[in-house]
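Protein chains in written order, with this note's numbering: chain D, 622 to 1028; chain Z, 3 to 400. For glycine and all other residues, C-beta sits at the position ideal for the given N, C-alpha and C.
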Amino acid sequence: MSAPSPVIVPQFSTRTLTIQSGNTILLRLPNGEAKAVKTEKNSTVSLGRLGVFYANELIGEPFGRTYDIVDKKLKLLPPRTLAEVEDTDATNELINDGEFVQPLTLEEIQTLKQSGAHASEIIKMQIEQHANYSLKTEYSKEKYKKRKEAKYSKIFTTIDPTLFNVCEHWFRKDQTRIRDIRIDALSQILNMANIRPGGRYLAVDDASGLIVSGILERMGGDGRLLTICNTDSPPAYPVTVNMNFTNETVAVLSSLNWATAEPGHTPLVAPVDVPADQIKSDRQKTRLNKRKAALDLLNTTREELFAGEFDALIVASDYEPFSILEKLVPYLTGSASIVVQSPYAQILSDLHAKLRALPEYLGPSLTEVWLRRYQVLPGRTHPTMNTSGTGSFILHAIKVYTFFVWL
Amino acid sequence: MWSTARLIAAGDTVILWLTRELVQHLVVTPGKDFNSKFGHYRHSDLVGLPYGSKLGSRTGRGFIHILRPTPELWTMALPHRTQILYIADISLVVSYLDIRRGSRVIEAGTGSGSFSHSVARSIGPSGHLWSYEFHEARAKKAREEFAQHGMSDIVTLTHQNVCKDGFNLTDAADSVFLDLPAPWDAVEHAKQALRKDRPTRICCFSPCMEQVLRTVSALNDAGFSDITMYETLVRSHDVGQVPVLQSITEVADKLKKGEEVREIKRLRQIAGGQRSHQNPHGEKRKRDEDSEMNEQEDAPVGEAEDSGSGKRLKTDDDMGTWTPSRDVDVSRNLDDPSTHILRAGASIPAAPTAKISVSKATSEVRGHTSYLTFATLLPPMPPAPLEDDAPSQGPQST
């Protein structure tokens, strides 16, 4: 069979391939947690216990690599592989709780650390002095080393800012700020809303910009995204910072608020058409031009909303969802997807009951997401012991025209 | 891909939504008819209608909705050639593999094309999907389908066994998705096809744990890192409305009334007994009286639940008139025990005026689809300064 050789269009990317100056990147620390740091050229990055290093060392590097901090310098390490652990006959039969097993004192460890001993040396010494280490099973030894590494090693890994990784980071860090939207929920929302390059979407994102981040990434700088917010000025959407989007990616986004999104409302703005003879300074002129540009943008964005024909509406909001749908569903085209997320089943049950009675909402469905992660290690594969209990609820419906075509 | 125009045109693939359980697809071909128990339609009737229209049958009975296809609707309507992937797995894989506009993706096998459509939508015209299917007839069907759906520029379909012959690609793809019985045999080929200038990802979709374990060790041997595994499901909920739940105070009241009734009956029996003692011929009359009493006694207590649920069926208008009178009834009952027997049934329901929406997971659900094993392939280590630095100094190898 001959090799398939399609014509390939230059690849668009929503972010740069390597770490750039000014990025906000996530680092995976030895204890498994992620920390966001800014990689500003010629600045130092401080990782607390792990120490400091120069940001320049990361700039230009691909994502996903692992480094050890040695004397404020980064040493590139090969990616970690799964270590085969050979099973032995050892059991915990002779190991008792509360026994004194570690003669190495805290002070001695402190001294070792200050002398600049590498984490691996400290761990080695602890193992040598450990009274019962040889009694442990191989699995238990592995766990012991892992625990000590989390404590002493200065190794970190840069995390590729994919939607998956950024969502996981926010979910772990502060899941209430992203309305409990776990990555499986976010993924389903984006698919259910049929987000694609070139589409036109309406969104209400009170989830710190997680929804907006997902939509922007899937649009890839092609199409239109209008968000409606509850603030005077455009919302901050902090999650987008971690996505490290290019300007082109973000350019498709504009925002209105619940007042400016009302067709009957005339926004109160300071006059912009000041007669030329009343303009006293260049500063005033610049200010007027800026104000005029802002007003023009507001007006064109409003016109765009009111012209309608949007392909989907995605709602993850603290406000009463039916009032949002009543306001925005008229701007959707026929067959458009409506996706509403909530941390609470009750809120969506109520909404579901309302929509079921209305003919313009076809097939409303309420679903809950479910996700289970596994530890995969040779001989030790099982679901993780602790996991998130909820990833939130999703209501989906399709907008249809209520007029009935009789033949 | 599919039409993005507002109006349906001849040749468009459309989705017919008959019921939630019955979603079909159709290529609009004027001259053809569509007949089902939901009515009779001519394809030409659809032309010129906006997507999302509700169309009445020519017979005057029944109607259907005509929708624009999406990969999700297609998954509901597609002709099954194999076991297919559903939204929970598809969407998580797309996210994990970082599939977005312009991505270059490999999938094997093509199967029924459920995943292919979703990927094609997400990568758009600037991306590319190489799809491999070892079953010749299925490959042919899928190729026809992709052409029909305007995906020929995005998808290259190859009839090939990738475990044996690989992907014929080198350093080309951003991600690989393997839905194969023995994915471990394709791991080395996948590594060759993945590009090496950035982190790339692989997902192996296997229903059995034994497959996962073999895949994990093959991925590890091939130098993939961050090996992890997930299981994901969608839990559908049934939504219903129930009346605001009755308080047990009302049940207690009802029981108390029952007690009173019994007490009255007992006293009457005693009185009757005394009467019968005086009048030995009154025995028959007493039995009649007794059975009458039994009916009266049982009615309010025994039927309480039924009368309660009977109230639940009332319309909101009925409820509206009900609410105020309820309190009056209750207070009167308290004052005048003689009304209990007649009133008890009526005063029970604490009329459920309001309803609450409730939801619970559907009773029968999909419990397992497959395990999703993910791994990452990182760009190779730069050769220069690390050569002399023995990597064994890293603490992970101690």
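Cross-strand partners of H239(Z) (DSSP beta bridge): Start at 1 with the first residue of the second sequence, and residue 239(Z) comes out as number 237. Answer is L987(D), A363(Z).
Drop a sphere of 10 angstroms on the beta-carbon of V936(D), count the other beta-carbons inside from all chains shown, and report buried for 16 or more, exposed for fewer. Taking the first residue of the first sequence as position 1, residue 936(D) is located at position 315. Result: buried.
Between the beta-carbon of D2(Z) and the beta-carbon of T378(Z), is there less than 8 Å? This structure cannot settle anything about residue 2(Z), because the visible part of chain Z is limited to 3 through 400.
Name the DSSP beta bridge partners of N753(D), please? Residue mapping note: residue 753(D) aligns to position 132 of the first sequence, counting from 1. Answer is none; N753(D) lacks a bridge partner.
Identify the residues that DSSP records as bridge partners of E135(Z): which are they? Residue 135(Z) sits at position 133 when you count from the first residue of the second sequence. Its beta-bridge partners are H161(Z).
Short CB-CB distance (under 8 Å) between W991(D) and chain Z: On the first sequence, residue 991(D) is found 370 positions in, with the first residue counted as 1. For W991(D), the answer is yes, since a Cβ of chain Z falls inside 8 Å of its Cβ.
So with CB distances below 7 Å, who are the chain Z contacts of V950(D)? Position 329 of the first sequence, counted from the first residue, corresponds to residue 950(D). Ordered by position in chain Z, no residue passes the 7 Å Cβ test against V950(D), which lies about 12 Å from the chain.
Apply the 10 Å Cβ neighbour rule to V244(Z) and answer buried if 16 or more other Cβ atoms are within range, or exposed otherwise. Working through the second sequence from its first residue, we reach residue 244(Z) at position 242. Its Cβ having fewer than 16 others within 10 Å, V244(Z) is exposed.
Looking at the unbroken beta strand (DSSP E) that takes in C788(D), where does it start and where does it end? Residue 788(D) sits at position 167 when you count from the first residue of the first sequence. Here C788(D) belongs to no beta strand (DSSP E); instead the alpha helix (DSSP H) covers 784-795.
Q213(Z) - DSSP class collapsed to helix/strand/coil: Counting from one through the second sequence, the residue named residue 213(Z) turns up at place 211. Here Q213(Z) sits in helix by DSSP.
Taking beta-carbon pairs under 7 Å, can you tell me which members of the stretch 107-122 of chain Z lie near chain D? S120
Need the endpoints of the alpha helix (DSSP H) that Y952(D) sits in, please. Your numbering for residue 952(D) matches position 331 in the first sequence. Counting along the chain, Y952(D) falls outside any alpha helix (DSSP H), and DSSP gives it neither H nor E.
Using a C-beta cutoff of 8 Å, does G719(D) count as contacting chain Z? Stepping through the first sequence from its first residue, residue 719(D) is reached at position 98. No, its Cβ sits nowhere closer than 8 Å to a Cβ of chain Z.
Neighbour flag for M864(D) against chain Z, beta carbons, 8 Å: Walking along the first sequence from the start, residue 864(D) turns up at place 243. For M864(D), the answer is no, since every Cβ of chain Z falls outside 8 Å of its Cβ.
For a contact defined as C-beta to C-beta under 7 Å, what are the partners of V241(Z) on chain D? Looking up residue 241(Z) in the second sequence gives position 239. For the C-beta of V241(Z), the chain D residues within less than 7 Å are, from N- to C-terminus, S970, H973, A974, L987.
Can you give the Cα-Cα distance for N815(D) and E252(Z), rounded to whole angstroms? Walking along the first sequence from the start, residue 815(D) turns up at place 194. Walking along the second sequence from the start, residue 252(Z) turns up at place 250. Cα to Cα, the separation comes out at about 51 Å.
Just the Cα atoms here: how many angstroms apart are H342(Z) and V360(Z)? Start at 1 with the first residue of the second sequence, and residue 342(Z) comes out as number 340. Start at 1 with the first residue of the second sequence, and residue 360(Z) comes out as number 358. The pLDDT assigned to H342(Z) is 42, lower than 50, so where the model puts this residue is not dependable; a value taken from the coordinates is nonetheless given after this. So the two alpha carbons sit approximately 34 Å from each other.
Closest to K34(Z) by C-alpha separation, out of L48(Z), T61(Z), N163(Z), W186(Z), would be which residue? Start at 1 with the first residue of the second sequence, and residue 34(Z) comes out as number 32. Nearest C-alpha to K34(Z): L48(Z).
Compute the Euclidean distance between the alpha carbons of G304(Z) and P964(D), then round it to the nearest angstrom. Along the second sequence, one-based indexing puts residue 304(Z) at 302. Along the first sequence, one-based indexing puts residue 964(D) at 343. Residue placement at G304(Z) is flagged as unreliable, the pLDDT there being 39, under the threshold of 50; the coordinate-derived value follows with that caveat. When rounded, the distance between both Cα atoms is 42 Å.
Contact list for K1020(D) against chain Z, beta-carbon separation under 8 Å: Indexing the first sequence from 1 puts residue 1020(D) at position 399. By Cβ distance, chain Z contributes G54.
With which residues is P1004(D) paired in a DSSP beta bridge? Within the first sequence, numbered from 1, the residue matching residue 1004(D) stands at position 383. Looking at the DSSP assignment, P1004(D) forms a beta bridge with Y995(D).
Going along the chain, which residues of the stretch 68-88 of chain Z sit with their C-beta nearer than 7 Å to a C-beta in chain D? Of all residues in the stretch 68-88 of chain Z, only L69, R70, T72, E74 place a beta-carbon less than 7 Å from a beta-carbon of chain D.
Counting contacts by CB-CB distance shorter than 8 Å, is R8(Z) in contact with chain D? For this step, residue 8(Z) is matched to residue 6 along the second sequence. Answer yes: the Cβ-Cβ gap between R8(Z) and chain D drops below 8 Å somewhere.
When you compare only the Cα positions, how much space is there between A110(Z) and S219(Z)? Locating residue 110(Z) in the second sequence gives position 108, where the first residue counts as 1. Locating residue 219(Z) in the second sequence gives position 217, where the first residue counts as 1. Between A110(Z) and S219(Z), the C-alpha separation is close to 20 Å.
By the 9 Å beta-carbon criterion, what residues does the stretch 690-703 of chain D contribute toward chain Z? K696, L697, L698, P699, P700, R701, T702, L703
List the residues of chain Z that V960(D) touches, going by C-beta distances under 9 Å, in chain order. In the first sequence, residue 960(D) corresponds to position 339, counting from 1. Here the premise fails: no neighbours, minimum Cβ distance about 11 Å.
Output needed in chain order: residues of the stretch 30-50 of chain Z with a Cβ under 9 Å from some Cβ in chain C. Going by chain labels, chain C is absent from the structure shown, which instead holds the protein chains D and Z.
Please report how far the alpha carbon of V833(D) lies from the alpha carbon of D795(D), in whole angstroms. On the first sequence, residue 833(D) is found 212 positions in, with the first residue counted as 1. On the first sequence, residue 795(D) is found 174 positions in, with the first residue counted as 1. A straight-line Cα-Cα distance of about 17 Å links V833(D) and D795(D).
Hey, is the stretch 782-797 of chain D in contact with the stretch 930-949 of chain D, meaning 3+ C-beta pairs nearer than 8 Å? no
Quick one: what's got a C-beta closer than 6 Å to L784(D)'s C-beta in the same chain, skipping five residues either side? In the first sequence, residue 784(D) corresponds to position 163, counting from 1. Taken in chain order, the residues that qualify are G835, E838.
Return the residue from the list A914(D), T861(D), E729(D) that minimises the CA-CA distance to A891(D). Counting from one through the first sequence, the residue named residue 891(D) turns up at place 270. Out of A914(D), T861(D), E729(D), A914(D) has the C-alpha closest to the C-alpha of A891(D).
State the CB to CB distance for the pair I108(Z) and I125(Z), rounded to an integer number of angstroms; the pair is presumed to be in contact (CB under 8 Å). Along the second sequence, read from residue 1 onward, the residue named residue 108(Z) stands at position 106. Along the second sequence, read from residue 1 onward, the residue named residue 125(Z) stands at position 123. That pair is no contact at about 12 Å.
Within chain Z, partners of F684(D) - CB distance below 7 Å: Taking the first residue of the first sequence as 1, we reach residue 684(D) at position 63. Result: P201.
If you count every other CB in all the chains shown that lies within 10 Å of the CB of P888(D), and 16 or more means buried, which is it? Position 267 of the first sequence, counting from 1, holds the residue named residue 888(D). P888(D) comes out exposed.
With 8 Å set as the bound, which would you pick, yes or no: does the beta-carbon of A90(Z) sit closer than that to a beta-carbon of chain D? Locating residue 90(Z) in the second sequence gives position 88, where the first residue counts as 1. So, interface residue.
Can you confirm whether R237(Z), when its beta carbon is compared against all beta carbons of chain D, has any partner nearer than 8 Å? Counting from one through the second sequence, the residue named residue 237(Z) turns up at place 235. With 8 Å as the cut-off, R237(Z) counts as an interface residue toward chain D.
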